[in-house]
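Asks:
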Amino acid sequence: MTPLGFRWPWRRPADIARAVDEEIEFHLEARVAELVHAGHAPAEARRKALAEFGDLAGTRTYCVATDWEGERAMRRTERLTELRQDLAGTIRTIRKQPGFAATVVGTLGLGVGATTAIFVLIRSVLLAPLPFRSPAELVVIEQFMPGNPAASVGAMSPPNYLDVKATIPALVNAGAYYDNEATLTGAGVPARLIAPAVTPSLFTTLGVAAAIGRTFAEGEGAPGQPNVVLLSHHLWTQRFGADAGIVGRAIRLDSEPYTVIGVMPPGFVFPVSGADLWLPLGWDASVASQRGAQYLGAVGRLKSAETAAQLSAQLASLSSRLIVSYPESKDYLGLRAQSFTDAVVGETKRPLLLVGGAAVLLILIGCANATSLLLARVNGRATELSVRAALGAGRRRLVRQILTESVTLGGLGGLVGAAIAAIGLTVFLRQWPGLLPRQETLRLGATVPMLALCLSIVAGFLIGIGPSRQAARSGAFDRLRSGKQSQSGGDLRLRRTLVAAELGLATVLLTGAVLLIHAIGQLRRVDPGFRPDQVISFRTQLPSAAYRTSEAIDQFYGDFLDRIGQIPGVDGAAATMRLPLSGGGFGGTFTSSVPTEAGNEEDRRAQVRAVTEDYFRVMGIPLRQGRGFSRTDRRGAPPVLIASEGFSKRFWPATGAVGKSVRFGVRFSDDRPEGEIVGVVGDVRAAGLHRDPTQTVYAVSAQVASSQMSFVIRSRLPVGELIPSIRALVEARDRDIVLDQVATMNDVIASSLGQPRFVMQLLALFAAVAVVLAMVGIYGVVSYAVAQRTREIGVRIALGADQGRVIRTVVRQEIRWAIGGLAIGSVAATATAPLLASAVFGIDPTAPLFQLLAPTGLLVVAAVACFIPARRAARISPLRAIQAE
Amino acid sequence: MTRPPLDLLQGTVDVLILKSLSWQPQHGFAIAKWIRERTEGVLQLDDAALYQGLHRLERKGWLASEWGQSENNRRAKYYHLTATGRRQLRTELSTWRTYTHAVFRVLDAAGLEA
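Chains as they are written, first to last, in numbering that gives the first Met the number 0: chain A, 0 to 884; chain B, 0 to 113.
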């Protein structure tokens, strides 16, 4: 007997060997008897019989092996036959009860689809190694302000980078780059391309070679060297038709010729946000004075992945040596490193894992629901199953039948899930381009169906365990004898527990979604400091060769803004070097003519933004003190600045910033290092709606000319009408001017919330599915429980109980389970809320009102799902109820 | 006499076993005895080859077996032909007849019948 109470009908190798021995022994004994009868002595007869037999040992081995082979073939056939029967049974079930099958398949499909999609995303964003040689050895090296590490932007100055590269023994190599753009002309429509400048050593550090041609040679990029360029694979195929003879040809960037020296391989992406081409970066000796210029990203390669600790120590000691040598630059001399992979995906990790966790909750809810449905079905078939048991189907056989059914339904769910995942990911890639680092490396491919199928088969087994045990129990004969189906107390308890668990899990998801929706709703209500309605923005880039002088640039922009202002429907036009909420920005520390009132130790930093004189009026940023910029603030006139309210209050809380002169690392175009603050304007949350307003100092663009500007236009015209007329203005003037990044200011705000909004929308979607599943689950269980009690309810009604009372009794009994699940779910939700807060900014995990919202809502849903079957039961006619069994 | 080649021998064993079971189920010892008597000892089929043949044919599905009582009340394994086995016997018999007929025609060349 096996532990399952089932006798194994098959023969084991030992049984076979015993049978073969018995057969041969029978032969020998019969022959011996014959020979003895013929007059041989018994011992002699035995010897003779053995001799006649021939190779006894060999025959024995041969026979045992042959029989065992036959036995195994028989088992296989039998198993296959059973499997075929079970599959046929499953198909019958699906045909007979398409609603049941569709619910199970759909339930599992949603969970499997969500989980598959998220894990494919996690794999390509977080898990796949970066496309460089031994990425674990790569580190990002940053510079920070000693004593205030949090305030630093991380970018390095060239002398610091060169010192690190030359003197740190833990590094075998290092490379540096800065973000840069260039305008490509002469190859189709002029385009503004992402064109980082990189040191030649960057490629050797990353361990990547060119696919065609070569990467930069040492020394290229230094002042006076010829212009060379390295193309990305996509630029080469899209703009140059994958021309194999491209190396050595010249292309025009910013109106100057650059010689193509190579094309990088297709998978090479650097920096992670992607680049169209790379320009060489190098310095001459004059760079030594630039300790304070922070603009480089630096990447180093460790001797081995184990030397990270040594690297930190060596950077710290280099830092202290540099502080001794260059005390005047001490604010720029902190050095630190972090793993390159962490630097790339660090901020994405938590939100993605959070969403992955939510998907797992969803698949668990789906499994609970499917299990409950299968249990109900097994119970409905109790009589059939006990007949089969009586006819000799073992428990194992019944278990296998139910598992075949659940795994088949699971597999179908996997197909649905694979489709959902594929559609979901396609929509994601289209709707949210560039939301996550490296998402462009995501390929749908074979992973999606494989993962979906694996998940769904595991899920199919999981949901089959409870029901198949139930089926094995149905094999008990007493049920068949009594003809009743009422011994389902255990089954009903399991189903109620499952539904309670579903509700608990749904509570966690829904609470998360509510907290996120609330947080994002609050962020949307945060005053950004400007009025975004009716403001449209776009960016232009002047070809630098044609607009070499500040005068030419000023003249173009002044004229361009005037012409835009004359378009009917336009209320104002202005430009800025960088839009708020679009990342980046230029900042630095400053010194002032009048000491700040905040104490000397204070971190004297501010963002510097160049704007045209109408910027504040167009953006709706209020003037608080002093004056705004005017047309007279131009080149040659005394440099003027306008401070943000926060800047003014922070550094001159008593007297205000107006009238103070400050000096930044930047120089004004006519080489005057200092500007006087003439006014104070309202604060703007330029770094993000969830951040405090940025301390900003505005300069007037006429005094710090820049060839690249973002325009803001306040206009009652829709984007579709305004932009073509502006484009016409540009083209009438110069065909080589690039105009791109058209967006309303509201779009700019929305995309600054991209990641949390993405997490919120996914979580809301998951929560909605979870609520529907939980509702279906409760409804199913209550209907079932009520059906079991039809007779009892009929008797009660016959005895005069009114409908309302019957409904109340049923609902009261069932809702207890729901409340239990909700209570546990609320506790779990409270426990996970801090996790949510750490993954997405702006969440207040302690907002009690919003934690109560989800369980309360679910309680209402549960009550409705209980009420409907209860009312149906109460309406039944007593006569029919009593006849029901 | 010289020994026939192994493949011929194996084919011979098979057809002899099938033939010996064509009237009634038998155990191995009875089959061995029957073959020995019928061939009058010309074909020296040893018991080892016979039993290997029985198990091989059972594995092929030409024979089936069950345990029964022997003449002197011992437990013995009785083999019988399956439907496949019976079909196979017919095929093998006709093959053998054609084969021996052809061989005889060569050996008796220019002889009695020509």
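For glycine and all other residues, C-beta sits at the position ideal for the given N, C-alpha and C. What you are looking at is a predicted structure, and each value in this text was computed from that prediction instead of being measured.
Which of helix, strand or coil does DSSP assign to V102(B)?
Replies: Residue state, collapsed to three classes: helix.
Asks: Could you check the C-alpha separation between S700(A) and A742(A) for me, to the nearest Å?
Replies: 22 Å
Asks: Mind listing which residues of the region 14-34 of chain B have their C-beta closer than 9 Å to chain A's C-betas, in chain order?
Replies: H26, G27, F28, A29, A31, K32
Asks: Start and end of the beta strand (DSSP E) containing W277(A)?
Replies: 276-279
Asks: Looking at chain B, is there any beta carbon in it that lies within less than 9 Å of the beta carbon of E51(A)?
Replies: yes
Asks: Indicate, with yes or no, if the ligand PLP has a heavy atom lying under 8 Å from the CB of D162(A).
Replies: The model depicted lacks the ligand PLP and carries no ligand whatsoever.
Asks: Does any residue of chain B have a CB that is nearer than 9 Å to the CB of F99(A)?
Replies: no
Asks: Mapping DSSP to helix, strand and coil, what is W886(A)?
Replies: Not covered by the structure: residue 886(A). The range shown for chain A is 0 to 884.
Asks: What does the alpha-carbon distance come out to for the pair I117(A) and I260(A)?
Replies: Cα to Cα, I117(A) sits roughly 40 Å from I260(A).
Asks: Buried or exposed: where does H54(B) fall if 16 or more other Cβ atoms within 10 Å of its Cβ makes it buried?
Replies: buried
Asks: Which same chain residues end up closer than 6 Å to S782(A) when comparing Cβ atoms and leaving out the 5 residues on each side of it in sequence?
Replies: Scanning its chain for C-beta atoms nearer than 6 Å, with the 5 sequence neighbours on each side dropped, one finds around S782(A) the residues P868, in chain order.
Asks: Taking Cβ-Cβ distances shorter than 9 Å, what residues in chain A pair up with E114(B)?
Replies: Residue 114(B) is absent from the model: chain B starts at 0 and stops at 113.
Asks: At 8 Å on the CB atoms, spell out the chain B contacts of L55(A), in chain order.
Replies: A47
Asks: H39(A) by DSSP, collapsed to three states: which one?
Replies: coil
Asks: Which residues mark the beginning and the end of the alpha helix (DSSP H) in which H54(B) is found?
Replies: 46-59
Asks: Identify which residue in T60(A), P128(A), V246(A) has its Cα closest to the Cα of I15(A).
Replies: T60(A)
Asks: Could you tell me which of T506(A), G564(A), H26(A), T184(A) sits nearest to L361(A), measuring between CA atoms?
Replies: T506(A)
Asks: Compare the C-beta of H79(B) with all C-beta atoms of chain A and state if any pair is closer than 9 Å.
Replies: no
Asks: Tell me whether the beta-carbon of D45(B) lies closer than 9 Å to the beta-carbon of E33(A).
Replies: no
Asks: Could you tell me if M449(A) is buried or exposed, where buried requires 16 or more neighbouring beta carbons within 10 angstroms of its beta carbon?
Replies: exposed
Asks: For a quick check, are the C-beta atoms of Q707(A) and T539(A) less than 9 Å apart?
Replies: Judged by beta-carbon spacing, T539(A) lies within the 9 Å limit of Q707(A), meaning their Cβ atoms are closer than that value.
Asks: Check whether the Cβ of T80(A) lies closer than 9 Å to any Cβ atom in chain B.
Replies: no
Asks: Excluding the 5 residues flanking V12(B) on each side, which residues of the same chain have their C-beta closer than 6 Å to its C-beta?
Replies: A48, G52
Asks: Identify the contact partners of R387(A) in chain B, using a Cβ-Cβ distance below 8 Å as the criterion.
Replies: Those do not exist, as R387(A) stays about 28 Å from chain B at its closest Cβ, beyond 8 Å.
Asks: Smallest Cα separation from Y870(A): which of R879(A), Q802(A), L821(A), V839(A)?
Replies: Note that residue 870(A) is Arg in the sequence shown, not Tyr. Considering only alpha carbons, the answer is Q802(A).
Asks: Please check the pair V139(A) and A342(A), which I expect to be a contact at CB under 8 Å, by giving their CB distance rounded to whole angstroms.
Replies: A342(A) and V139(A) do touch by the CB rule: their CB atoms are close to 4 Å apart, below 8 Å.
Asks: Among the candidates A470(A), R495(A), T258(A), whose CA atom is the shortest distance from the CA of R399(A)?
Replies: If we check each option's Cα against that of R399(A), A470(A) comes out closest.
Asks: Locate the beta strand (DSSP E) running through K76(B), then write down its first and last residues.
Replies: 74-80
Asks: Which full runs of the alpha helix (DSSP H) of 4+ residues lie inside the region 203-276 of chain A, going along the chain?
Replies: 232-239
Asks: Please state if the CB of Q702(A) and the CB of P621(A) are separated by a distance shorter than 9 Å.
Replies: In this structure, P621(A) keeps its C-beta atom at 9 Å or more from the C-beta atom of Q702(A).
Asks: If you scan the region 694-753 of chain A from start to end, which runs of the beta strand (DSSP E) of 3 or more residues do you find wholly inside it?
Replies: 695-699, 707-714, 737-743
Asks: D553(A) lies in the alpha helix (DSSP H); which residues open and close that run?
Replies: 549-565
Asks: Taking C-alpha atoms, which residue in S467(A), R634(A), R562(A) lies nearest to E550(A)?
Replies: E550(A) has its Cα closest to that of R634(A), out of S467(A), R634(A), R562(A).
Asks: Between the region 6-28 of chain A and chain B, which residues of the former have a C-beta closer than 9 Å to a C-beta of the latter?
Replies: Contact residues of the region 6-28 of chain A toward chain B are A18, V19, E21, E22, I23, F25, H26, L27, E28 (C-beta to C-beta distance below 9 Å).
Asks: Just the C-alpha distance for I818(A) and I777(A), rounded to the nearest angstrom, thanks.
Replies: 12 Å
Asks: Indicate whether I814(A) and A862(A) have their beta-carbon atoms separated by less than 9 Å.
Replies: yes
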